[in-house]
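Top to bottom, those sequences are chains A and B. Here this note's numbering runs 55 ahead of the position in the first sequence, where the first position is 1. Here this note's numbering runs 55 ahead of the position in the second sequence, where the first position is 1. Everything below concerns the one structure shown next.
Number of protein chains: 2
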Amino acid sequence: MRISELSEQSGVSIPTIKFYLREGLLAPGVLVTKTQSAYDETHLRRLRLVRALRDVAGLPIASIADVMAAVDSEAVSLLDLLGVTQVAVSGVSGDTSARGLRLAEEFIAELGWRVATESPLMRSLGRLLEELADRGIPITVAALGPWASAAHSVAAVEVAGITADMPRDQAAEIVAMGTPLFGELLSQLRLAAQESESRRRFGQ
Amino acid sequence: MRISELSEQSGVSIPTIKFYLREGLLAPGVLVTKTQSAYDETHLRRLRLVRALRDVAGLPIASIADVMAAVDSEAVSLLDLLGVTQVAVSGVSGDTSARGLRLAEEFIAELGWRVATESPLMRSLGRLLEELADRGIPITVAALGPWASAAHSVAAVEVAGITADMPRDQAAEIVAMGTPLFGELLSQLRLAAQESESRRRFGQ
DNA sequence: GCCATTGGATAGTGGTGCTATCTTATCAGC
DNA sequence: GCTGATAAGATAGCACCACTATCCAATGGC
């Protein structure tokens, strides 16, 4: 299919597709002649994935590019892909204080979870815990028990959805798409439950 | 205290404080003379809240302004404040198709939750469910059981933290701060649990 | 033969979150 | 009282991001 058709099918304008090609979010089509490339279903799928990550999860283009590169590289294990995706989602940047990092470690240890100390996740979790502590919000494992077990049961379901015998590219796409999109879903459900509970308590 | 002191204590630069004053995120100090205003602890607290909402939750300035206006207005009930805050967090915009809205309604009804049909939340949930459906992800209440019950238990804990007998401004600040910040926390915990589970399954 | 379309390159745009500068007024120390 | 630092208030500018527009040479398809 030509670029105009790809644009129609995906609902993404031609200039935007060209932009995504430049940014490496989308692989170039097969150059048939000097002025025409052929695109296929994979391009269409990729384009839809990119739009979902942008519109729904709100990821910046650069982060999407990182994730897409990891999805496309056979050399990247699923575990590493998950790491790349998590960095994109949590938007970790800057540095975390030693105090925050220690807080995060204690936390994860007390929960009995296995997360690498050097994982970027520990840094963003540390930063968050510290910020909450600074704002005078009591953060203890005991208080967060419901959060933690909720997060864990959700994660277990998600991970169970990926089996070792499925093709890598399929599993990769599920990880890249599921991590941000299910994150949004969980967050939305929490807000809905919040409103429902509030209405039950304070509502008219 | 003078603006320079407020800047030092909060770690926010003077030009940025002036910018926040212009945007209505921060109430003006008491004008002592034509070229000097007095700021107090409430300004410092507010400034820290604004920074937390921006740096940790990533809310845009305009959304923070909406939430702050609701916090400051005695005429806004806690339930309405929660609504305003949820709109800010979920970043609802644009329109949801009738199909998405119907999906969301069926969902909430099947869960036995009480959420107003016209709530902006239903629109953003609808948009999300539709996007996931379009991407070929099977979304049924049965499949989302763990998500929903996790979200519900978390929300119940949160709502329980607000009692009707606490001063309104205190409760308001907890709602405005807790909704986005605990959202981040839950999302981080999910990622950590995800990594922990993956490591258990696929890890070395 | 002719004109819409394409790939490829470069430049411009609109929104957001600050940041810099300028003016006028006042304060604090000498 | 004089002087240099500081303040309020207003306006302009800047950096980044995600596109969007324009241009060009080279086809493609009637």
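Each residue gets a CB set at the ideal place from its N, CA and C atoms; glycine is no exception. Predicted model, so just to flag it, every value in this text is computed and none were measured.
With a cutoff of 8 Å on beta-carbon distance, residue 162/B and residue 209/B are scored as not near each other. DSSP, read as helix, strand or coil, puts residue 71/A in helix.
The Cβ neighbour count for residue 205/A, taken over all protein chains shown within 10 Å, is at least 16; the residue is labelled buried.
Between the stretch 158 to 173 of chain B and the stretch 240 to 258 of chain A, the count of Cβ pairs shorter than 8 Å is three or higher; the stretches touch.
Going by DSSP, residue 92/A is part of the beta strand (DSSP E) stretching over 91 to 93.
Minimum Cα-Cα distance from residue 199/A among the listed residues 154/A, 166/A and 225/A corresponds to 166/A. Under the DSSP assignment, residue 86/A falls in the beta strand (DSSP E) whose first and last residues are 85 to 88. Every alpha helix (DSSP H) of 4 residues or more that sits fully in the stretch 122 to 189 of chain A is shown, in chain order, as 133 to 145, 153 to 166 and 175 to 189. Those residues of the stretch 236 to 253 of chain B placed with their C-beta closer than 9 Å to a C-beta in chain A are 236, 237, 238, 239, 240, 241, 242, 243, 244, 245, 246, 247, 248, 249, 250, 251, 252 and 253, ordered along the chain. The beta carbon of residue 83/A sits closer than 8 Å to the beta carbons of 76 and 92 from its chain, once the five residues preceding and following it are set aside; these are given in chain order. The beta carbon of residue 232/B sits closer than 8 Å to those of 104, 107 and 108, all from its chain and outside the five residues before and after it, given in chain order. Pairing residue 158/B with residue 178/B gives a Cβ-Cβ distance that is not under 8 Å. Assignment of residue 220/A by DSSP, reduced to helix, strand and coil, places it in the coil class.
Excluding five sequence positions before and after residue 217/A, the CB atoms of its chain that fall closer than 8 Å to its own CB belong to 133, 226, 229 and 230, given in chain order.
Within a 10 Å sphere around the beta-carbon of residue 181/B sit 16 or more other beta-carbons, which makes this residue buried. Contact check for residue 81/A against residue 99/A fails: the beta carbons are separated by 8 Å or more. Pairing residue 223/B with residue 96/B gives a Cβ-Cβ distance that is not under 8 Å.
Residue 57/A sits exposed, since fewer than 16 C-beta atoms from the chains shown fall within 10 Å of its C-beta.
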